[in-house]
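In the numbering used here, the protein residues as written are -4 to 65.
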Amino acid sequence: MWWGDINQRISADFAAVIHADLMKHIKGAGVYVRDAFVGADPNYRIPLRVMTETSWSNLFAHNMFIRPSA
-4 MWWGDINQRI SADFAAVIHA DLMKHIKGAG VYVRDAFVGA DPNYRIPLRV
46 MTETSWSNLF AHNMFIRPSA
């Protein structure tokens, strides 16, 4: 993470507050969920969960990231 003038660290307590607010918002809304990966090499691949409120933005994630094999 680039900790410069724009990106600033936050405390664990503040992160927990933000997470709780996000979970409350998600419970009241229809959400599209997509599990995917970043990184083509299986040795370095990172799992990713994308949660969006619109179908078109989830379709973007479908095209942008690596889809799990069945």
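By construction, the Cβ of each residue, glycine as well, lies at the ideal position given by its N, Cα and C atoms.
None of the values given here were measured: they were computed from a predicted structure.
What are the boundary residues of the beta strand (DSSP E) that residue i is part of?
| i | result |
| --- | --- |
| ILE66 | For the chain, the structure presents residues -4 to 65; residue 66 sits outside this window and is missing. |
Name the residue from the options whose alpha carbon lies nearest to the alpha carbon of residue i.
| i | options | result |
| --- | --- | --- |
| SER64 | THR47, ARG4, PRO37 and ASP0 | PRO37 |
| THR49 | MET18, GLY25 and GLN3 | GLY25 |
| ARG44 | MET59, ARG4, PHE32 and ASP0 | PHE32 |
| MET46 | PHE9, HIS20, ASN2 and SER6 | HIS20 |
| TYR27 | ASP0, HIS14, SER52 and MET59 | SER52 |
| ALA35 | ILE61, LYS22 and ASN2 | ILE61 |
On the criterion of 16 or more Cβ atoms from any shown chain inside 10 Å, does residue i qualify as buried, or is it exposed?
| i | result |
| --- | --- |
| ALA11 | exposed |
| ARG29 | buried |
| ALA56 | buried |
List the endpoints of the continuous alpha helix (DSSP H) containing residue i.
| i | result |
| --- | --- |
| ILE13 | 7 to 22 |
Runs of beta strand (DSSP E) lying entirely within the segment 25 to 54, each at least 3 residues, in chain order: 27 to 33 and 41 to 47, all fully within the segment 25 to 54.
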